[in-house]
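Comments concern the structure below.
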Amino acid sequence: MPDHKRVDGDTDGGSRSSDFLKSNEEKIKLYQYWYSKSTIEAIVRECEDVGEKVAFLSTPSVYFSLDEKSKLYKNSVLLDFDKAFDRAPGFVFYDYKKPNDIPNHLHHKFDLVVIDAPSVRDDVLKLYSRAADILLPSPPPKPMFSFCCTSRPMPFEKGKIIITSLAGVEHSRLMMKLFGTWPQVFLPTIPNLIYQYHIYANYPSTRFDKPNPDQAKPDPKKTSARSRMADFAVN
4 MPDHKRVDGD TDGGSRSSDF LKSNEEKIKL YQYWYSKSTI EAIVRECEDV GEKVAFLSTP
64 SVYFSLDEKS KLYKNSVLLD FDKAFDRAPG FVFYDYKKPN DIPNHLHHKF DLVVIDAPSV
124 RDDVLKLYSR AADILLPSPP PKPMFSFCCT SRPMPFEKGK IIITSLAGVE HSRLMMKLFG
184 TWPQVFLPTI PNLIYQYHIY ANYPSTRFDK PNPDQAKPDP KKTSARSRMA DFAVN
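If you're matching positions, the sequence shown starts at 4 in our numbering and goes up one per residue.
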């Protein structure tokens, strides 16, 4: 089990997330929209609780909010397109359009991936799904004969996934199909993004099964044709 847990109320993580937000302006051309400080801290704590080696895909705000002295930070990597973050020892240049270019020494080495894709388009998310498959452990081999009604892997048997993406029933079906994830109660706050997002995960999370104190309900101003309030639902 992870040996890097913090108790709730620890302020160090809050300081690191604040430092990141103050030091790094969003680059809209790269579709960078940072989580709020409290959302960053919630995801960091979740990673500390459930991860040993984490691959952060396009989530620099979370990676840089880890404790740099922790085993988790030393064991984890940040895969990102923005070379401004190459100061980090765990930085790996990552073009989401080329998941097969992820270095071989990273294949199947992580027990958790954290993803914030720059787009909610199906084709983009499929490429991130491919990257997750490359980074997480391979699923166990299937028996030669099976009476199971589905060929899909059971949730998190190949590793854990946390991903933020568009909210809504229609999009939730896509997330289940591509990542085996389902929407959590906790709604991430992303101040400058015009759409309402969900946190999706492929495992039961006690933390994400509770409302976000900063945003208990979906923001009606951030809904879209694919994320209508009438269709909004959580597990």
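Idealized CB from N, CA, C, for every residue including glycine.
Let me know if residue i comes out buried or exposed under the rule of 16 or more other beta-carbons within 10 Å of its beta-carbon.
{"i": "L190", "result": "buried"}
{"i": "N269", "result": "There is simply no residue 269 to check, as the chain begins at 4 and stops at 238 in what is shown."}
{"i": "E51", "result": "buried"}
{"i": "D83", "result": "buried"}
{"i": "S18", "result": "exposed"}
{"i": "I202", "result": "buried"}
{"i": "I31", "result": "exposed"}
Taking only the alpha-carbon atoms, compute the straight-line gap between residue i and residue j and give it to the nearest angstrom.
{"i": "D22", "j": "P142", "result": "38 Å"}
{"i": "K40", "j": "P214", "result": "16 Å"}
{"i": "I197", "j": "L33", "result": "16 Å"}
{"i": "Q218", "j": "Q187", "result": "13 Å"}
{"i": "E71", "j": "S26", "result": "17 Å"}
{"i": "Y38", "j": "I193", "result": "4 Å"}
{"i": "K77", "j": "S122", "result": "29 Å"}
{"i": "L181", "j": "E29", "result": "28 Å"}
{"i": "V116", "j": "P140", "result": "11 Å"}
{"i": "R155", "j": "G171", "result": "For R155, the pLDDT reaches just 46, beneath the cut-off of 50, and the residue's location in the model is therefore unreliable, although a value from the coordinates is still provided. Using only the alpha carbons, I get a separation of about 23 Å."}
Just to confirm, is the Cβ distance from residue i to residue j under 7 Å?
{"i": "V57", "j": "I43", "result": "no"}
{"i": "R210", "j": "E49", "result": "yes"}
{"i": "I118", "j": "I166", "result": "yes"}
{"i": "L81", "j": "F59", "result": "yes"}
{"i": "H108", "j": "I137", "result": "no"}
{"i": "S73", "j": "G93", "result": "no"}
Which residue wins for smallest C-alpha separation from residue i, given the options the options?
{"i": "K86", "options": "L24, V95 and V80", "result": "V95"}
{"i": "E55", "options": "A91, F113 and G183", "result": "F113"}
{"i": "K161", "options": "N205, P106 and S168", "result": "N205"}
{"i": "R90", "options": "P63, H174 and I137", "result": "P63"}
{"i": "I164", "options": "E173, P207 and D126", "result": "P207"}
{"i": "L169", "options": "L115, G93 and D125", "result": "D125"}
Is it the case that the segment 117-130 contacts the segment 88-107, given that we only count it when at least three CB pairs across the two stretches are under 8 Å? Because the criterion of three Cβ pairs below 8 Å is met, the segment 88-107 and the segment 117-130 touch.
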